[in-house]
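Visitor: Residues in the sequence shown are numbered from 1 upward in steps of one, following the UniProt record's numbering. For every residue, glycine included, the Cβ atom is placed at its ideal position computed from N, Cα and C. These numbers were taken from a predicted model, which means no experiment stands behind them. I have a structure here, written as structure tokens, and I will follow up with some questions on it.
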Amino acid sequence: QTNEIIALRADHVNIPKEIKGITLSDAQYKDLVEGKAVKVEGMTAKSGKTFNATLQVNAERKGIKFIFDK
1 QTNEIIALRA DHVNIPKEIK GITLSDAQYK DLVEGKAVKV EGMTAKSGKT
51 FNATLQVNAE RKGIKFIFDK
């Protein structure tokens, strides 16, 4: 996979205020809109388990990407 820059206006990306049961703070939401990565803790998976991940806008998919710690 190559790193490729894709230009996309922020208003063309779906960034919900609530993600996996956690309501984003205004600062977290603003950071995502600006293309920054945001660490979010305590999200709930479909299985009911809680998890933490870093969120970042995925311009190619026009949505949010979950980045999990290794």
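Could you name the residues of the same chain whose beta carbon sits closer than 8 Å to that of residue 19, not counting the 5 residues immediately before and after it, in chain order?
Guide: Here the set comprises 40, 43, 55, 64.
Visitor: What's the gap between the Cα of residue 32 and the Cα of residue 46?
Guide: If you take the alpha carbons of residue 32 and residue 46, they lie about 23 Å apart.
Visitor: Straight-line CA distance for residue 24 to residue 58?
Guide: The alpha-carbon atoms of residue 24 and residue 58 are separated by roughly 17 Å.
Visitor: Who are the near neighbours of residue 53 in its chain, counting only those whose CB is closer than 7 Å to its CB and skipping five residues on each side?
Guide: Contacts found: 40, 43, 66, 67, 68.
Visitor: I'd like the ranges of any alpha helix (DSSP H) spanning at least 4 consecutive residues and lying wholly in the UniProt domain "DUF3945" (16-69).
Guide: Taking only runs of at least 4 residues, the alpha helix (DSSP H) segments lying wholly in the UniProt domain "DUF3945" (16-69) are 26-33.
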